[in-house]
Amino acid sequence: MVKRSFRLVDLTYQLASRPNQVLNLGHFAEKYQTAKSSISEDLAIMKAVLEGQGHGRLQTMTGAAGGVRFEPAMTLDAARKWTDEVCRKLSDPERVLPGGYLYMSDLFGDPEFVFALGRLLATGFARSGAEVVMTIEMKGIPLAYALAYYLHLPVVVVRRDQQIVEGSFVSINYVSGSRRQVQTMSLPRRSLTEGARVLIVDDFMKAGGTLHGMLGLLKEFRAEPAGIAVFVESANAGVRLVKDYVSVARLEGIDEQSGSVRVVPGNLLEQMSDAFVESDRTESE
7 MVKRSFRLVD
17 LTYQLASRPN
27 QVLNLGHFAE
37 KYQTAKSSIS
47 EDLAIMKAVL
57 EGQGHGRLQT
67 MTGAAGGVRF
77 EPAMTLDAAR
87 KWTDEVCRKL
97 SDPERVLPGG
107 YLYMSDLFGD
117 PEFVFALGRL
127 LATGFARSGA
137 EVVMTIEMKG
147 IPLAYALAYY
157 LHLPVVVVRR
167 DQQIVEGSFV
177 SINYVSGSRR
187 QVQTMSLPRR
197 SLTEGARVLI
207 VDDFMKAGGT
217 LHGMLGLLKE
227 FRAEPAGIAV
237 FVESANAGVR
247 LVKDYVSVAR
257 LEGIDEQSGS
267 VRVVPGNLLE
277 QMSDAFVESD
287 RTESE
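7 is the number of the first residue of the sequence shown in the numbering used here; add one for each residue after it.
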């Protein structure tokens with residue numbers, strides 16, 4: 007029989023490296039040559055620590071098969087601190103680009119940042135019932151994969167052009183909200199199943215034309231939106247083409263002449279505060 011100290015470390019690794027996947031208790035009992043009752047005791051210890059420290063939720067499933075799932079999450083306090091730090095970074099005048107945009111490629115090229123952002127959004131949408139994550143090329147792709155990793159969901163990427171190697175496509179025309187230009191977006195027919203619940207994510211939103219277009223694309227597949235999330239929304243975008251969305255940060259304004267930028271937290275933490283876990287950890291621990 008494997009010692010409990012070994013089991014606790016290995017179990018924690020197995021669950022943390024497979025977020026939101028149900029792992030069979032029988033497999034662990036056989037692997038450790040230990041009774042299921044002992045594995046259940048191990049999980050009780052892990053649950054107390056992981057949830058007490060605000061790392062996420064550990065859920066066990068009863069029944070003949072039996073299983074356990076770790077749902078990574080963030081505490082509301084940690085989410086606020088992380089969001090405030092992101093807003094500080096985004097407020098750097100060096101990030102100002104022509105047209106009222108911000109340079110963010112360095113952030114989306116940083117795996118640690120992208121996965122932290124994915125964990126933040128996964129906490130908020132853990133109970134959304136989403137079955138797939140959708141984004142549009144380009145910068146939204148890293149975010150979509152990070153979010154999908156934590157929710158254990160597949161990703162579909164909407165194209166601005168058609169790739170012949172991906173088979174037949176469904177294409178729609180949409181109007182860019184900020185530039186009022188007619189553009190085209192496409193998605194392979196086999197990407198979505200009818201009735202699928204889709205979580206839409208994007209890196210930046212002005213008027214919401216691109217997101218509105220993706221909602222239109224869902225209708226072509228008879229799919230349903232499970233939620234909309236954007237990293238940064240612009241406050242000065244005029245009429246919004248989408249209403250039900252959450253944002254991590256909000257760009258209040260840019261003065262291109264002086265280079266001043268004002269970025270504040272978006273509405274995500276306000277609208278989804280109940281989704282974040284609590285922590286009972288202390289500094290001494």
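Positions of the beta carbon are idealized from the N, C-alpha and C atoms, including for glycine.
- Considered as a whole, the segment 22-102 harbours 31-38, 42-58, 82-96 as its complete alpha helix (DSSP H) runs of no fewer than 4 residues, in chain order.
- Inter-residue distance for residue 235 and residue 40 is about 44 Å (C-alpha atoms, whole angstroms).
- Contact between the segment 160-167 and the segment 92-102 is absent: fewer than three C-beta pairs spanning the two stretches fall below 8 Å.
- Per DSSP, reduced to three states, the secondary structure at residue 231 is strand.
- Its Cα nearest to that of residue 139, the residue 152 stands out among 152, 121, 240.
- Within the DSSP secondary-structure output, residue 139 pairs in a beta bridge with 161, 205.
- Short of 6 Å from the beta carbon of residue 67, and not among the five residues preceding or following it, lie these beta carbons of its own chain, in chain order: 73.
- Per the Cβ contact rule, the segment 152-161 is in contact with the segment 21-41 (3 or more Cβ pairs under 8 Å).
- Listed in chain order, the non-local C-beta contacts of residue 174 below 6 Å within the same chain comprise 195, local neighbours out to five positions each way being set aside.
- The Cβ neighbour count for residue 50, taken over all protein chains shown within 10 Å, is under 16; the residue is labelled exposed.
- At the C-beta level, residue 133 and residue 283 stay beyond 8 Å of one another.
- Between the segment 217-227 and the segment 260-277 there are fewer than three C-beta pairs closer than 8 Å, too few to call the two in contact.
- In the structure shown, residue 248 adopts coil according to DSSP, grouped into three states.
- Taking 8 Å as the cut-off, the beta carbon of residue 93 is found no closer than this to the beta carbon of residue 207.
- Beyond the five residues adjoining it in sequence on each side, residue 266 comes within less than 7 Å, by CB distance, of 99 in the same chain, given in chain order.
- Around residue 35, the same chain offers 42, 45 as residues with beta carbons nearer than 6 Å, after the five sequence neighbours per side are excluded.
- Separation of residue 251 and residue 76 (C-alpha to C-alpha, rounded to the nearest whole angstrom) is 26 Å.
- Our two residues, residue 275 and residue 106, have alpha carbons roughly 25 Å apart in a direct line.
- As a beta-bridge residue in DSSP terms, residue 239 pairs with 211, 256.
- Under the DSSP assignment, residue 125 falls in the alpha helix (DSSP H) whose first and last residues are 117-130.
- Between residue 124 and residue 108, the C-beta gap is not smaller than 8 Å, which leaves the two residues out of contact.
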